[in-house]
Amino acid sequence: YHLGKVMYSFCDGKDAGDTIFLIASQINHGKELIEKDDALCIPVAKLNMKAGKMALNGCDHKMAYFYFLAALSFLPDDIWESHYDLSLRLTFLMARAANSSCKYDEAELTLQTIRERARCLQDKLPAYFLMVQISIAQGHLREAYTTCSSILTQLGETIPETVTPEMVGSMIPETLNMYTEVYDDDWLGKKMEDSTL
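With UniProt numbering, letter number 196 in the sequence shown gets 196, and the count goes up by one each step, no holes.
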């Protein structure tokens, strides 16, 4: 634990590279000490989240899951009220790591937390998007369709009862045009990413 704290003090605010895994793992050994010091809980949670994101980006999904789980364990009970953006990002990343580790039930429960606690539909969209991906991966196509239909309806779109090939042909260019006009960049990932972490 103390070695991790010393290493963290040298790397604080700098790019630690892969050393972040060693730092986070060492600091996590002092969980009991950290939990007694409220001033350490959020920084250590952010450190674990950063390590988890690096692991996720490196396709080490199980290690990412471990770091996100550690990060969540350091957060106070009122995290959704006191640190909303951190809660939203961390919970979504945890769901991604659980999904990538084939822990579909846990991913779904984690996404349910976002759907219940997020303040607006825009904050819930990435969770719904991942939920649809999970449903499709498990072969639950009707559930995926129902979720998509529900969200599109909430966004003001009308879902026709039947769709002909001609309708699809006209919808595709229209949808692509609308997408490029409104969402010309990575709109799903923006809310979940923070370059400072």
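C-beta atoms are modelled at their ideal positions from N, C-alpha and C, and glycine is treated no differently. Given the structure is predicted, the values throughout are model-derived calculations rather than measurements.
C120 carries a coil assignment under DSSP once its states are collapsed to helix, strand and coil. Secondary structure note for I23: its alpha helix (DSSP H) is the uninterrupted segment 19-28. The beta carbon of I151 lies closer than 6 Å to those of Y128 in the same chain, with the five residues before and after it left out.
Each residue's CA atom was taken as its position, placing F21 and A51 some 6 Å apart. Note on the stretch 47-88: whole alpha helix (DSSP H) runs with a minimum of 4 residues are 61-74, 79-82, in chain order. Residue range 141-154 is occupied by the alpha helix (DSSP H) that includes E143. Pairing D60 with N48, the inter-Cα distance amounts to about 14 Å. In its chain, beyond the 5 residues on either side, A98, I134, A137, Q138 have a beta carbon closer than 8 Å to the beta carbon of Y104. Taking 8 Å as the cut-off, the beta carbon of A71 is found closer than this to the beta carbon of L90.
Leaving aside the five residues that flank Y145 on each side, none in its chain has a CB nearer than 7 Å to its CB. Just so you know, the alpha carbons of A95 and N177 end up roughly 31 Å apart. Annotation for T19: no residue places its beta carbon closer than 6 Å to its own, counting only its chain and skipping 5 residues before and after.
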